[in-house]
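A short worksheet on the structure shown next.
2 protein chains.
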Amino acid sequence: MKKSKPPKVLVIGAGAIGGFYGSLLAKAGADVAVVCRSDYEYVKQNGFIIDSHKLGTWVFKPSEVLKNAAEYKGTVDYVLLCTKVVPSIDRVALIRPVVTADTAIIFIQNGVEIEQEILSAFPDNQIISGLAFICCNQITKGEILHLAYGRLTLGNLPGSVSHKTMRFCKLITQSGIECTTTENIVTERWKKCVWNAPFNPLSVLSGGLPTLSILQSQEAFVRGIMQEICRIAEVCGHRLPDDIVDVNIANTYVMPPYKTSMLLDYENGHPMETEAILGNALRAANRSSITTPYLESVYALMKLRELKLGL
Amino acid sequence: MKKSKPPKVLVIGAGAIGGFYGSLLAKAGADVAVVCRSDYEYVKQNGFIIDSHKLGTWVFKPSEVLKNAAEYKGTVDYVLLCTKVVPSIDRVALIRPVVTADTAIIFIQNGVEIEQEILSAFPDNQIISGLAFICCNQITKGEILHLAYGRLTLGNLPGSVSHKTMRFCKLITQSGIECTTTENIVTERWKKCVWNAPFNPLSVLSGGLPTLSILQSQEAFVRGIMQEICRIAEVCGHRLPDDIVDVNIANTYVMPPYKTSMLLDYENGHPMETEAILGNALRAANRSSITTPYLESVYALMKLRELKLGL
Chain A
-9 MKKSKPPKVL VIGAGAIGGF YGSLLAKAGA DVAVVCRSDY EYVKQNGFII DSHKLGTWVF
51 KPSEVLKNAA EYKGTVDYVL LCTKVVPSID RVALIRPVVT ADTAIIFIQN GVEIEQEILS
111 AFPDNQIISG LAFICCNQIT KGEILHLAYG RLTLGNLPGS VSHKTMRFCK LITQSGIECT
171 TTENIVTERW KKCVWNAPFN PLSVLSGGLP TLSILQSQEA FVRGIMQEIC RIAEVCGHRL
231 PDDIVDVNIA NTYVMPPYKT SMLLDYENGH PMETEAILGN ALRAANRSSI TTPYLESVYA
291 LMKLRELKLG L
Chain B
-9 MKKSKPPKVL VIGAGAIGGF YGSLLAKAGA DVAVVCRSDY EYVKQNGFII DSHKLGTWVF
51 KPSEVLKNAA EYKGTVDYVL LCTKVVPSID RVALIRPVVT ADTAIIFIQN GVEIEQEILS
111 AFPDNQIISG LAFICCNQIT KGEILHLAYG RLTLGNLPGS VSHKTMRFCK LITQSGIECT
171 TTENIVTERW KKCVWNAPFN PLSVLSGGLP TLSILQSQEA FVRGIMQEIC RIAEVCGHRL
231 PDDIVDVNIA NTYVMPPYKT SMLLDYENGH PMETEAILGN ALRAANRSSI TTPYLESVYA
291 LMKLRELKLG L
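Quick mapping for you: the protein sequence lines, in order, are chains A and B.
Count the first sequence with the numbering used here and you get residues -9 to 301, in order.
Count the second sequence with the numbering used here and you get residues -9 to 301, in order.
See the structure below:
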């Protein structure tokens, strides 16, 4: 059997998520370059240190460190987009310079209804939507701490699994992290939103409470938000399992103390994924004329908070 | 005509509200003593300085400054209760030592459904419920700044206006501040709650936005909360005017930049009137089985905020 050439990957947005999954691809033999704006000089010199509670500690030296995708020479098999989904970041513009006919675009990002922008801009490319179930933070320049979990779920849009997706999945698995594929990745995105929609904003609006305290104090309110997400998903054609709220509540009770990504962004003065997680869900609700007052409330308060912060 | 003896008043909770209205009573000739716990030594020495944009600046020297009501010698005609309504303050215990058969109990306080506790404890006394429409802050020990407005509205419980109330009202009016009486003071309390229920918690949860910014950014949400208060008031037998939400919105657009009392308490690390304003309204809604999800959301978030602050 002919051994295939190692795939060429360009990671755009090499923070905690991009750096971690990029490092796994490199470990499995892929040629992994990164676009890294904020820590460019440091990462070009030193690469990344990955400190994983599950896999140990290693250095990830990207094949190239670039300031933007236009600097990339040659063609990539995969462009892996791992930025935050916030209004100030133009996702299409970031990846466009490196996308050719054969490029598969993978995004590992939070939020719902974030697909159309990419689908419209690149109608002839394979678009792979990815969800990371991971607890992973960048603790300092080029240093990524992988605390727990790690599973990646991938699926082509609108709903299939391609060979390229399978191949990508294998590379992640080879490096020791679970990767699954699904023909219903859009449904999976709504499932993840069931947890994100309450806990991300509540951690910020409470002034920094961990998830367990939020749940112990206001379980009914958390459930109310979760149920609204389920109803929106259903009218959008993605009926979620009947027990999904109960399962999310039970899992959160036994999770280690956890700071949500929105809380980390808030504490660091970074833009938050309010629109990707809450705004998009609410717009989907409004399209379908269902009322979701808990979600509306949380969204309104997040907008006020952002206004106060000048975000 | 025989000139009646000046009435004896004991003010309990001599912060901005108690100090200001107490000073007006003294100006009009009443014998006004105060219970003043936090600034006792200072006020005993110096009295209060009242700095009013409307009435000028003067010194208010109470006839007595006490640490608690039990120290009061003799009997009072009026006990004027002006503390915050928060779970850590036992309002009944504060006034009990000084209440005799002829004492009228007046409370000038925020919140809805705060009457029963006092009515139950003193079933044979005149109980007068008061609402202050005033912008007034204690800026330092014994110094009270009266910025704007000032109207006091009084009414006996459950629904009348007594001679004692009229007499009290006259003293306030004599000193230059509007005072009105009403036979429906409980309805007035719900009316005031229409404004307090959104703006107080939203100013805190937004991280300190002034009322105008809140309104400009999230008017629909503010209206949603106001409408829920109107519905609760109605099922409690207090139908509010049809245009009350519109009037409140319009008035707030032309109000000077204003920090709510809850925001001031929050910034000073003091307990907030979450239960008196939101909790009591919500409990009234639950009794009547109407759903008020916006109010529920705001209440849940305030409870999380208090939990984080250790309040």
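Each residue gets a CB set at the ideal place from its N, CA and C atoms; glycine is no exception.
Residues sharing a beta bridge with residue i, DSSP
| i | result |
| --- | --- |
| glycine 46 (chain A) | A:Ser42 |
| glutamine 116 (chain B) | B:Ala94 |
| valine 22 (chain B) | B:Val(-1) |
| threonine 264 (chain A) | None, per the DSSP bridge assignment. |
| asparagine 146 (chain B) | B:Ile118, B:Ser150 |
| glutamine 128 (chain B) | B:Ile134 |
| arginine 141 (chain B) | B:Phe123 |
| tyrosine 11 (chain B) | Answer is none; tyrosine 11 (chain B) lacks a bridge partner. |
| tyrosine 256 (chain A) | The partner list for tyrosine 256 (chain A) (beta bridge, DSSP) is empty, contrary to what the question assumes. |
| valine 244 (chain B) | DSSP output for valine 244 (chain B) lists no bridge partner at all. |
| valine 55 (chain B) | B:Val24 |
Minimum C-alpha distance to residue i - residue among the options
| i | options | result |
| --- | --- | --- |
| valine 88 (chain A) | A:Met292, A:Asn115, A:Val102, A:Val75 | A:Asn115 |
| leucine 202 (chain A) | A:Ala240, A:Val176, A:Ile222 | A:Ala240 |
| proline 113 (chain A) | A:Ser13, A:Asp92, A:Leu192 | A:Asp92 |
| valine 66 (chain B) | B:Leu0, B:Arg27, B:Thr281, B:Gly5 | B:Leu0 |
| proline 77 (chain A) | A:Ile98, A:Ile104, A:Ile95, A:Lys51 | A:Ile104 |
| leucine 199 (chain A) | A:Thr155, A:Ile95, A:Met252 | A:Met252 |
| glycine 5 (chain B) | B:Glu54, B:Pro(-4), B:Val33 | B:Val33 |
| leucine 137 (chain A) | A:Lys(-5), A:Phe10, A:Ser196 | A:Phe10 |
| isoleucine 234 (chain B) | B:Thr47, B:Val184, B:Leu161 | B:Val184 |
| phenylalanine 211 (chain B) | A:Val102, A:Cys126, A:Lys293, A:Lys51 | A:Lys293 |
| alanine 83 (chain A) | A:Gly101, A:Leu70, A:Cys125, A:Ala111 | A:Ala111 |
| serine -6 (chain A) | A:Thr90, A:Leu195, A:Asp21, A:Asn270 | A:Asp21 |
| histidine 43 (chain A) | A:Gly140, A:Ile280, A:Arg157 | A:Gly140 |
| aspartate 29 (chain B) | B:Ile7, B:Glu168, B:Thr130 | B:Thr130 |
| phenylalanine 50 (chain B) | B:Arg27, B:Ala16, B:Thr170 | B:Ala16 |
| isoleucine 118 (chain A) | A:Ala274, A:Ser287, A:Leu109, A:Ile124 | A:Leu109 |
| serine 53 (chain B) | B:Asn36, B:Gly46, B:Cys159 | B:Asn36 |
| glutamate 257 (chain B) | B:Met245, B:Cys220, B:Val194, B:Pro(-3) | B:Val194 |
| serine 207 (chain B) | A:Ile85, A:Pro247, A:Leu291 | A:Leu291 |
| isoleucine 7 (chain B) | B:Val55, B:Val102, B:Val24, B:Pro261 | B:Val24 |
| asparagine 169 (chain B) | B:Met156, B:Cys26, B:Asn100 | Looking at the sequence shown, residue 169 (chain B) is not asparagine but cysteine. Checking every option, the nearest Cα to that of cysteine 169 (chain B) belongs to B:Met156. |
| proline -4 (chain A) | A:Lys57, A:Phe38, A:Tyr68, A:Leu45 | A:Tyr68 |
| glutamate 31 (chain A) | A:Leu56, A:Asn127, A:Leu45, A:Lys63 | A:Leu56 |
| isoleucine 79 (chain A) | A:Gln128, A:Lys63, A:Arg27 | A:Arg27 |
| glutamine 217 (chain A) | A:Ile204, A:Lys160, A:Trp180 | A:Trp180 |
| leucine 135 (chain A) | A:Gly64, A:Asp232, A:Gly46, A:Glu209 | A:Gly46 |
The alpha helix (DSSP H) enclosing residue i, as first and last residue numbers
| i | result |
| --- | --- |
| proline 288 (chain A) | First, the residue type needs correcting, since residue 288 (chain A) is valine and not proline in the sequence shown. From DSSP, the alpha helix (DSSP H) with valine 288 (chain A) extends over 283 to 299. |
| tyrosine 30 (chain A) | 30 to 36 |
| serine 78 (chain B) | Careful: serine 78 (chain B) lies outside any alpha helix (DSSP H) and carries neither H nor E. |
| asparagine 186 (chain B) | 175 to 195 |
| threonine 201 (chain B) | 201 to 225 |
| isoleucine 104 (chain B) | Where isoleucine 104 (chain B) is concerned, there is no enclosing alpha helix (DSSP H), given that its DSSP letter is neither H nor E. |
| arginine 277 (chain A) | 270 to 277 |
Whole-angstrom C-beta distance between residue j and residue i, which should lie under 8 Å
| i | j | result |
| --- | --- | --- |
| isoleucine 98 (chain B) | alanine 122 (chain B) | 5 Å |
| glutamate 133 (chain B) | aspartate 41 (chain B) | 7 Å |
| tyrosine 284 (chain B) | isoleucine 215 (chain B) | 5 Å |
| isoleucine 120 (chain B) | leucine 144 (chain B) | The sequence given here has glycine at residue 120 (chain B), not isoleucine. Contact holds; Cβ gap of about 5 Å. |
| glycine 259 (chain B) | lysine 298 (chain A) | So it is not a contact: roughly 19 Å between Cβ atoms. |
| leucine 14 (chain A) | isoleucine 162 (chain A) | 5 Å |
Span of the beta strand (DSSP E) around residue i
| i | result |
| --- | --- |
| leucine 169 (chain B) | Looking at the sequence itself, residue 169 (chain B) is cysteine, so the reference to leucine does not match. From DSSP, the beta strand (DSSP E) with cysteine 169 (chain B) extends over 169 to 171. |
| valine 69 (chain B) | 68 to 71 |
Residues that residue i contacts on chain E, provided the C-beta gap is smaller than 7 Å
| i | result |
| --- | --- |
| alanine 290 (chain B) | Note that chain E does not occur in the displayed structure, where the protein chains are A and B. |
- At least three beta-carbon pairs within less than 8 Å, the segment 143 to 150 of chain A to the segment 174 to 191 of chain A: yes
- Counting Cβ pairs, one atom from each stretch, are 3 or more of them under 8 Å apart for the segment 178 to 197 of chain B and the segment 265 to 282 of chain A? At 8 Å Cβ cutoff, the stretches do not touch.
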